[in-house]
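All you need for my numbering is the position in the sequence shown, starting with 1, plus 5. Beta carbons are placed, not taken as given, at the ideal position from N, Cα and C, and that holds for glycine. Worksheet: one structure, shown below.
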Amino acid sequence: MIACAAVLGAVAGVCTGYTVQADRDPDPLPPLAQQAMTQAGGGKPPEKLSAAQDRRVRTDGDLRKLLLPRPAGTQKADADQGWLDQYGYAEYFKAPDAMFEELSRGSYRRAALSVWEKGNALTEIHLVQFRDDKELGSRDFLTGQQSYMGGSKWAGNPGEAVPGSDTGRLYVYDHPQTKAGYLPLYTSRALAARGDIVMDIWMYDSKPIPKKTAMALAERQLERL
């Protein structure tokens, strides 16, 4: 992945007010290939779907339903919510044109987004799905995003493994962003993939973000995929 794939994150998205129609449904998916099933009297009931088949049915449905519900005591943020098409998602990166091309090469399919806030804290969850037919675009995207997170301009550390994921990492930034006249901005980011979906969770707060809190959120979201 190219360096321009560095993401801006939730704060940039909230401040610039993108015009993506978040509630607009994406292009309809082709129907799943299924054989008509009839059961004669006294016949055996249909076999249960395997774990892989069951997951495929869930992830081919409404991606928004796989997002974690907004926690009690929080409120929906004034930001994009729901569906993000490829143009809208690319706008979350420092070089949107180049990222759009990168997503095309990776066979981007669709993305769903949820953002909530409480006081000075803001949480943003992206679920990004790829068409992993000929190439594993989801894994390439995940690897590309993780490749720069350890840099001093980002988390400044290699992150910590997310339980339940072979390659998922949680990054709690070593230092907050500071600017005269503003509260400090503490940041964490969790990145993981399951199947053809990449989970990307950003948390922001004016006080330090406990690693335990960020990890628990990442684990709960990963369990839904």
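- Message: Just to confirm the assignment, what range does the alpha helix (DSSP H) spanning glycine 142 have?
- Response: Within the sequence shown, residue 142 is the residue found at index 137, counting from 1. Glycine 142 -> alpha helix (DSSP H) spans 142–151.
- Message: Looking only at its chain, what residues have a beta carbon closer than 7 Å to the beta carbon of proline 168, apart from the 5 residues adjacent to it on each side?
- Response: Along the sequence shown, read from residue 1 onward, the residue named residue 168 stands at position 163. So the list reads Glu224, once near-sequence residues are dropped.
- Going straight from the alpha carbon of leucine 141 to that of leucine 132, what length do you get? Numbered from 1 along the sequence shown, position 136 holds the residue referred to as residue 141. Numbered from 1 along the sequence shown, position 127 holds the residue referred to as residue 132. Taking the straight line from one Cα to the other gives about 16 Å.
- Message: Between which residues of its own chain and methionine 154 is the CB-CB distance below 6 Å, once the five residues before and five after are set aside?
- Response: In the sequence shown, the residue the question calls residue 154 occupies position 149. Ala160 and Tyr176.
- Query: What did DSSP end up calling alanine 82 once you bin it into helix, strand or coil?
  - Reply: Position 77 of the sequence shown, counted from the first residue, corresponds to residue 82. Coil, per DSSP.
- Residue burial classification, tyrosine 94 (beta-carbon count within 10 angstroms, cutoff 16): On the sequence shown, residue 94 is found 89 positions in, with the first residue counted as 1. It counts as buried.
- Item | Coil, strand or helix - leucine 230 by DSSP | Walking along the sequence shown from the start, residue 230 turns up at place 225. Of the three classes helix, strand and coil, the one that applies to leucine 230 here is coil, per DSSP.
- Can you check whether the CB of tyrosine 191 is closer than 8 Å to the CB of tyrosine 209? Stepping through the sequence shown from its first residue, residue 209 is reached at position 204. Stepping through the sequence shown from its first residue, residue 191 is reached at position 186. Yes, they are a contact pair.
- Task: From the DSSP output, in three-state form, read off aspartate 210 for me.
- Result: Here residue 210 corresponds to residue number 205 of the sequence shown, with the count starting at 1. Strand at aspartate 210.
- serine 109, DSSP secondary structure in three states: Within the sequence shown, residue 109 is the residue found at index 104, counting from 1. The answer is helix: DSSP assigns serine 109 an H, G or I state.
- Thinking just about the alpha-carbon of each residue, which of Ser170, Leu89 and Lys70 is nearest to the one in alanine 197? In the sequence shown, residue 197 corresponds to position 192, counting from 1. Per the Cα distances, Ser170.
- Provide the residue span of the alpha helix (DSSP H) that contains tyrosine 178, from first to last. If you number the sequence shown from 1, residue 178 lands on position 173. Tyrosine 178 -> no alpha helix (DSSP H), and no H or E assigned at all.
- Item | C-alpha distance - leucine 118 paired with tryptophan 207, whole-angstrom precision | Start at 1 with the first residue of the sequence shown, and residue 118 comes out as number 113. Start at 1 with the first residue of the sequence shown, and residue 207 comes out as number 202. Distance between the alpha carbons of leucine 118 and tryptophan 207: 11 Å.
- Query: Can you name, in chain order, every residue of its own chain whose Cβ lies under 7 Å from the Cβ of glycine 111, other than the five neighbours on each side?
  - Reply: Start at 1 with the first residue of the sequence shown, and residue 111 comes out as number 106. Result list for glycine 111: Phe135, Gly142, Asp145 and Phe146, in chain order.
- Query: Helix, strand or coil for arginine 114 per DSSP?
  - Reply: Here residue 114 refers to the residue found at position 109 of the sequence shown. Note: arginine 114 maps to strand in three-state DSSP.
- Smallest Cα separation from serine 157: which of Ala116, Thr128 and His180? As a first step, residue 157 must be located in the sequence shown, where it is residue number 152. Cα-wise, what sits closest to serine 157 is His180.
- Task: For methionine 154, name the three-state secondary structure that DSSP assigns.
- Result: Position 149 of the sequence shown, counting from 1, holds the residue named residue 154. Correct three-state label for methionine 154: coil.
- Mind checking whether arginine 199 and leucine 227 have CB atoms under 8 Å apart? Start at 1 with the first residue of the sequence shown, and residue 199 comes out as number 194. Start at 1 with the first residue of the sequence shown, and residue 227 comes out as number 222. Yes, they are a contact pair.
- Message: Measuring alpha carbon to alpha carbon, tell me which residue in Lys70, Met104, Gly173 and Lys123 is nearest tryptophan 88.
- Response: Here residue 88 corresponds to residue number 83 of the sequence shown, with the count starting at 1. Minimum Cα distance to tryptophan 88 is reached at Lys70.
- In angstroms, rounded to a whole number, what distance separates the CA positions of leucine 127 and threonine 79? The residue given as residue 127 occupies position 122 in the sequence shown. The residue given as residue 79 occupies position 74 in the sequence shown. Approximately 9 Å, taken between the alpha carbons.
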